[in-house]
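Asker:
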DNA sequence: GCTAAACTTGAAATCGATTTCAATCATACT
DNA sequence: AGTATGATTGAAATCGATTTCAAGTTTAGC
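Protein chains in written order, with UniProt numbering: chain A, 1 to 337; chain B, 1 to 337.
1) For residue 31/A, does the three-state DSSP call read helix, strand or coil?
2) Please classify residue 127/A as buried or exposed, where buried requires at least 16 other C-beta atoms within 10 Å of its C-beta.
3) Using 8 Å as the Cβ pair cut-off and three pairs as the minimum, do the segment 43–57 of chain B and the segment 98–118 of chain A touch?
4) Taking the beta strand (DSSP E) that residue 147/A belongs to, which residues open and close that run?
5) Restricting to runs no shorter than 4 residues, where is the alpha helix (DSSP H) found entirely within the segment 286–312 of chain B?
6) Comparing C-alpha positions only, which one of 191/A, 119/A, 77/A and 232/A sits nearest to residue 146/A?
7) Hey, is residue 180/A's beta-carbon within less than 8 Å of any beta-carbon in chain B?
8) Quick one: which unbroken alpha helix (DSSP H) runs of 4-plus residues sit fully inside the segment 62–115 of chain B? Chain order, please.
9) Which chain B residues are close to residue 279/A, counting only those with a beta carbon under 7 Å from its beta carbon?
10) By Cβ distance, which residues of its chain are closer than 7 Å to residue 58/B, with the 5 residues on each side in sequence left out?
11) Would you give the residue range spanned by the beta strand (DSSP E) that residue 274/B belongs to?
12) Does DSSP put residue 260/B in a helix, in a strand, or in coil?
13) Check distances from the C-beta atoms of the segment 285–315 of chain B to those of chain A and list, in chain order, the residues that come in under 7 Å.
14) Considering residue 215/A, what are the terminal residues of the beta strand (DSSP E) in which it resides?
15) Starting from residue 321/A, trace the beta strand (DSSP E) both ways and give me its first and last residue.
16) Buried or exposed for residue 25/A, going by 16 or more other Cβ atoms inside 10 Å?
17) Look up residue 6/A in the DSSP assignment and say whether it is helix, strand or coil.
18) Could you compute how far the alpha carbon of residue 321/B sits from the alpha carbon of residue 255/A?
19) Here's a check: name, in chain order, each residue in its chain whose Cβ is nearer than 6 Å to the Cβ of residue 328/B, leaving out the five neighbours to either side.
20) Under a CB-based cut-off of 8 Å, is residue 91/B close to chain A?
21) I want to verify the contact list: residues of chain A whose CB lies under 9 Å from the CB of residue 65/B, in sequence order.
22) Pick from 88/B, 34/B and 92/B: whose alpha carbon is nearest that of residue 81/A?
23) Tell me, which residues are paired with residue 60/A by DSSP?
24) Output the distance between the C-alpha atoms of residue 183/B and residue 317/B, rounded to the nearest integer angstrom.
25) Can you find the residues in the same chain that come closer than 8 Å, C-beta to C-beta, to residue 134/B, ignoring five residues on each side of it along the sequence?
26) Can you find at least 3 beta carbon pairs, one from the segment 159–179 of chain B and one from the segment 269–288 of chain B, that sit closer than 8 Å?
27) Could you tell me how far apart the beta carbons of residue 252/A and residue 224/A are, in whole angstroms, since I believe they sit closer than 8 Å?
28) Would residue 163/A be called buried (16 or more neighbouring beta carbons within 10 Å of its own) or exposed?
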């Protein structure tokens, strides 16, 4: 059913019907009510593509998805969806071919220039991330989930990664640990750098220097947690505590500790960052896992909100949110023997 | 840059330019090459919304996303993306408000009637799923990831859940187990029903009857695995083996077994279905987990392909794929003591 | 009763592409 | 040379909405 046809059935002009449905004020209440109820009854719904062409709005926010299994992705997007379901805005997932930076840049360019999306959300930036300059020059509103250090203006929402690791490391120091290892996230990502800073800072505050051999970068997975923890614990001067990048990493760390006949918490303390996944909870691990916690889903919801504000015209340089993380102490951290 | 403007710069009509870019045969090779290279140089790209309006194609496939944390979601979508990145087709994520069936039906209706998508993919159907009749009556191509039993025609791709559980249960019988418990997926979903059938069938083939008290339905999570396994193992007549719904569930099952001072494999055998997640591998668990395996990512890629075929006009009733699953025996299954 | 102001409504232009139909040009054949 | 054929190109209609501008209708004020 098209507007023309629908309007004719109502004995009104397309103009009036369009105005009635879009909530313009110059339509009488009586007409508006009639149009609304008839639209419902007859099932008329504007062709979104015609609307988009005419208004220039795409009605969608683009989210770039890397190729690797992104453990955070579902939660984040699900959080976004929660905010967007009342906003008549869709989420567009775009695969990143990205065998190199140029490919990725091209993917963004295509997305924006073909007017598929009104705004873009980007994850896990690096300090000097070329995507930011690119999106800036394309003139499309965008939000960074995470942070960057480029001089280019960008709206961002990030969690306090530095503070998180500083506090968890500090907690381990408080318990009496002196040799602490960290299994960080992907090398080069800003969040990994911030976490490393937090790690170093906590050491400095105690007059210590973080040992580069006690820090490693890798993806978040059970397997990498296991491998690196094992490597740390088999050394001559093994750490008595490990800071893990995610609960998934912590699973592997637990496994490594057990495989050496040791006990988590008693022989080796473990603390991790928890993004709060419904299918794996730190509290239920054995022993329960001490964590710094921040909800990925909540971040998704808020990022959607901020992106809507960007689209509505709010200035990017006034959108900066740094979320604190909670420190939750459980059984996996204790004084060294 | 619009078509008009771009065509003028080339000294051609919009018609010819459009045809050159869309690959129509009636354009000379020389012209086509010039148009293509100039489009690249000047950065002309058709406004996707105008194209969509004119052609009636939305250039997107809709994927419904439930509210709960969908552990499979990212992998599946990532698999889809792999196929779609060369197809100029986007993935549209639509949140399901769904406090009830009607809400959900309305969400689909909105999506389809506003012409946002050319086709829809649906997950985890129930045997009599009202969404199938609804999508049929809306006349939109759709693919079911999973299966249903309605008489309404529907294209589907599913894994052999019945066969998977039948084989894993059979394997446990072969090892000498006689009391086997199963932690199944969500009640009412077709895949859970099929798995239960597989479980019963394996029993029947041995002249046994599956004990209803040894079967439970729940979501896939570490926590539910733990809770149900514990409940099973603390009974008077405890099972000597457990069939788990997912690797995540198996994590919880392992934990429960350990918490009772028992050893996985030796005291209690465990086998699970593995959808292959990059961040948690069955092989790396301790002891390594026996599984039936099927790649969620591969399913996503294939579903995307089949959906493109549906859009291209292939009949829904000739698209039925039942994927076999691999049985991979590792250390978590052994003869009972 | 007349005019101004405030409400409502509609006609037509517009968004930026695709595609039908017609026209032109070059080539081949008798 | 003249015509039929095939290969290229372009003008204009079209997709289905929104929105500008103009016009018609009430209401209010004096």
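All C-beta atoms in this analysis are idealised placements derived from N, C-alpha and C, irrespective of residue type, glycine included.
Answerer: According to the structure data:
1) helix
2) exposed
3) yes
4) Unbroken run through residue 147/A: none, as it is neither H nor E.
5) 296–311
6) 191/A
7) no
8) 73–84 and 101–113
9) 69, 71, 220, 221, 222 and 248
10) 52, 115, 116, 117 and 118
11) 269–274
12) coil
13) 286
14) 215–217
15) 320–323
16) exposed
17) helix
18) 38 Å
19) 291 and 293
20) yes
21) 74, 77, 78, 81 and 91
22) 92/B
23) 90/A
24) 33 Å
25) 105, 108 and 109
26) yes
27) 7 Å
28) buried
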